[in-house]
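Take a look at the structure below.
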Amino acid sequence: MLQIKDIELIHSRDLTVMVRDLSCTFNSGDKAVIIGEEGEGKSTLLKYIYDPALVEDYAECSGEVLMTGEKAAYLPQTLPEDLRDAAVDEYLGGNIQQAFYDPSVSGYLWTLSREGTEPFSGRKMSTLSGGEKIRVQLIKILSEDPTVLLLDEPSNDIDIETLELLEKLINDFRGIVLFISHDETLISNTANMVIHIERLNRKTEPRCTVARLSYADYVSRRNRAFERQTQQAQFEQREKRIRDEKLSQIYQKVDAALQNIGRDDPHGGRLLKKKMRSVKSMEHRFEKQDEDMTQMPRSELPINFILSGGRGVPEGKTVLDLEIPELYKEDGSDVLSRDIKLFVRGPRRICIIGPNGCGKTTLIRRIVSEIRDRKDISAEYMPQDYADLLDMSSTPVDAVCDSWDPVERKKARNHLAALRFTADEMEHKVSDLSSGQQAKLFLLRMELNSPDLLILDEPTRNLSPLSGPVIRQMLSSYNGAIISVSHDRKYISEVADTVLELGPEGLSDVTDRYG
Numbered sequence: 004m005l006q007i008k009d010i011e012l013i014h015s016r017d018l019t020v021m022v023r024d025l026s027c028t029f030n031s032g033d034k035a036v037i038i039g040e041e042g043e044g045k046s047t048l049l050k051y052i053y054d055p056a057l058v059e060d061y062a063e064c065s066g067e068v069l070m071t072g073e074k075a076a077y078l079p080q081t082l083p084e085d086l087r088d089a090a091v092d093e094y095l096g097g098n099i100q101q102a103f104y105d106p107s108v109s110g111y112l113w114t115l116s117r118e119g120t121e122p123f124s125g126r127k128m129s130t131l132s133g134g135e136k137i138r139v140q141l142i143k144i145l146s147e148d149p150t151v152l153l154l155d156e157p158s159n160d161i162d163i164e165t166l167e168l169l170e171k172l173i174n175d176f177r178g179i180v181l182f183i184s185h186d187e188t189l190i191s192n193t194a195n196m197v198i199h200i201e202r203l204n205r206k207t208e209p210r211c212t213v214a215r216l217s218y219a220d221y222v223s224r225r226n227r228a229f230e231r232q233t234q235q236a237q238f239e240q241r242e243k244r245i246r247d248e249k250l251s252q253i254y255q256k257v258d259a260a261l262q263n264i265g266r267d268d269p270h271g272g273r274l275l276k277k278k279m280r281s282v283k284s285m286e287h288r289f290e291k292q293d294e295d296m297t298q299m300p301r302s303e304l305p306i307n308f309i310l311s312g313g314r315g316v317p318e319g320k321t322v323l324d325l326e327i328p329e330l331y332k333e334d335g336s337d338v339l340s341r342d343i344k345l346f347v348r349g350p351r352r353i354c355i356i357g358p359n360g361c362g363k364t365t366l367i368r369r370i371v372s373e374i375r376d377r378k379d380i381s382a383e384y385m386p387q388d389y390a391d392l393l394d395m396s397s398t399p400v401d402a403v404c405d406s407w408d409p410v411e412r413k414k415a416r417n418h419l420a421a422l423r424f425t426a427d428e429m430e431h432k433v434s435d436l437s438s439g440q441q442a443k444l445f446l447l448r449m450e451l452n453s454p455d456l457l458i459l460d461e462p463t464r465n466l467s468p469l470s471g472p473v474i475r476q477m478l479s480s481y482n483g484a485i486i487s488v489s490h491d492r493k494y495i496s497e498v499a500d501t502v503l504e505l506g507p508e509g510l511s512d513v514t515d516r517y518g
């Protein structure tokens, strides 16, 4: 059993309360997903549950974490800096084969390792693709025979085949799984419990909701409850207005009569004063009743986002005509794929898929280099590693506004506010923001610059599942062209009109598979 009691997490720098009064108990078989908007403290909560020392340099924490007879294993969102130059064999404890053939989890490890032999042996962790890093980390924590899995974004960067394996791993795991993910399909297929972290009223009031429901049921019940509460609150407000108007009319009528009554009618004056006291007593009684009125439901404000697409791309416009005889790894050591042909005309929305390490990000970077000097196409690029283009020492305002003109900077602040950045967060360093908030900076740059073409490497990987529908709708209605890489199955089905799979022999059209 894993039990957390009265957890409170406060950011040390600006004293923002991320989590307050969170208590719940987890038993074997519980698969709990932590959801919430970007930067709300989800990763901090998971770290604190595993080891409070992981957050002590930036958060003030209180509460109890009790693990009775449990052994926890933790998958961080990013590989720790001190392990990036470690050899895979060293990271796995020096014996990669033993890890692969651990009898308790060998089925998972066999698939995670692809060949079940030594696909990563001799390589450094830093040379692995994002998805390969996740797979190796999963191999390590599973080989430790844990009873509690704490997984921070395990779905990031892994290919669709491994995503489906991860779903099976979570569902079949006999212990407790507590995880964070932005992949709505993964959440919908695995979670039987939801922990929803919110910060209301401009992120000043924390609220935590624990529901023993599937994600779909939680969202459905929440929406229905909000709708009922909204209707009841609106009905009571209408009744209050009608009642208050009648009371105001009576008050004005009695007050006017009091003003006009003569001194020669003391009996009438006494009656009117008595009636006025009655009206005021009724007013006080109504005020007490109003304290129990149904309030409008409160939730985090959804992000407000529109992507115009500039001039748009005419149907006959050639956006890209690319041929690559051999696609090499970026260090030039190996050929990843041959005979790549990619022709894009008009406002197509193309998504490139493929197994981890096949060269998707390398291909996207080649596409960026082809487009960069074009004068007839304006493009915006969102890389997988945000640090490639973002100055991590700058502020969010600086990241989206090159001008020091007060009007332009105010405009940038208004746009950031629509993406749920607080005034304090606008002054933070970009490096201090969550990955999801950094992703929103790229989305905002796209909105402000109105490009004809978006080149996106895993655009939804760090965005909340609650923001996902907004982002997908925005991209599906965009009137420019999109060339993207993604493993997000909802993104692929709702945004892409063409799905291409990258393999050793180039690109093949697999759109029918995702129709």
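All the letters of the sequence shown, read from the start, carry residue numbers 4 to 518 under this note's numbering. For each residue, glycine too, the CB sits at the ideal point set by N, CA and C.
- Ranking V410, D186, T207 and Y218 by CA distance to the CA of M196 puts Y218 first.
- Under the DSSP assignment, S496 falls in the alpha helix (DSSP H) whose first and last residues are R492 to E497.
- Under the three-state reduction of DSSP, G509 is assigned to strand.
- The stretch 347–428 contains, as complete alpha helix (DSSP H) runs of 4+ residues, the segments 363–374, 399–403 and 409–421 (chain order).
- With 16 or more other CB atoms across the displayed protein chains lying within 10 angstroms of its CB, V433 is buried.
- Of all alpha-carbon atoms in G335, P350 and Y389, the one lying nearest the alpha-carbon of T365 is that of G335.
- A residue is called buried when at least 16 other Cβ atoms come within 10 angstroms of its Cβ; Y61 does not meet this threshold and is exposed.
- CA-CA distance, I52 to D33, rounds to 16 Å.
- In this structure, V22 sits near I200, with a CB-CB distance shorter than 8 Å.
- Checking the DSSP bridge columns, you'll see R210 partnered with E201.
- Nearest C-alpha to A89 among K283, A75, T71 and G125: G125.
- For L261, the three-state secondary structure derived from DSSP is helix.
- Three or more beta-carbon pairs drawn from the stretch 178–192 and the stretch 147–167 are found closer than 8 Å, and the two stretches are therefore classed as touching.
- Secondary structure at E84: helix, using DSSP grouped into helix, strand and coil.
- F176 is classed as buried because its beta carbon has at least 16 other beta carbons within 10 Å across all chains shown.
- In this structure, P358 keeps its C-beta atom at 8 Å or more from the C-beta atom of D512.
- DSSP places L69 in the uninterrupted beta strand (DSSP E) bounded by A62 to M70.
- Distance from the Cα of Y494 is smallest, within the candidate group E164, G272, R348 and R464, for R464.
- Within 10 angstroms of the beta-carbon of Q252 lie fewer than 16 other beta-carbons, which makes it exposed.
- L154 has L78 and F182 as its beta-bridge partners, per DSSP.
- Taken atom to atom, the span from the alpha-carbon of K143 to that of R215 is near 30 Å.
- The beta carbon of K50 lies closer than 6 Å to those of L57 and V58 in the same chain, with the five residues before and after it left out.
- Taking a C-beta distance under 8 Å as the contact criterion, Y384 and V371 qualify as a contact pair.
- Annotation for I163: the continuous alpha helix (DSSP H) segment containing it runs I163 to D175.
- By a beta-carbon distance limit of 8 Å, V488 does not contact E508. Their separation comes to about 18 Å.
- Excluding five sequence positions before and after G506, the CB atoms of its chain that fall closer than 7 Å to its own CB belong to S340, G357 and C361, given in chain order.
- Pairing G44 with F29, the inter-Cα distance amounts to about 20 Å.
- At least 8 Å separates the beta-carbon of L323 from that of I485.
- Contact check between the stretch 391–408 and the stretch 168–185: fewer than three CB pairs, one atom from each, fall below 8 Å, which does not count as touching.
- For T501, the beta-bridge partners assigned by DSSP are I353.
- In the DSSP assignment, V22 falls within the unbroken beta strand (DSSP E) covering V20 to F29.
- Around the CB of M128, 16 or more other CB atoms lie within 10 Å, so the residue is classed as buried.
- In the three-state DSSP reduction, L189 falls in the helix class (H, G or I).
- Here DSSP, grouped into helix, strand and coil, assigns S487 to strand.
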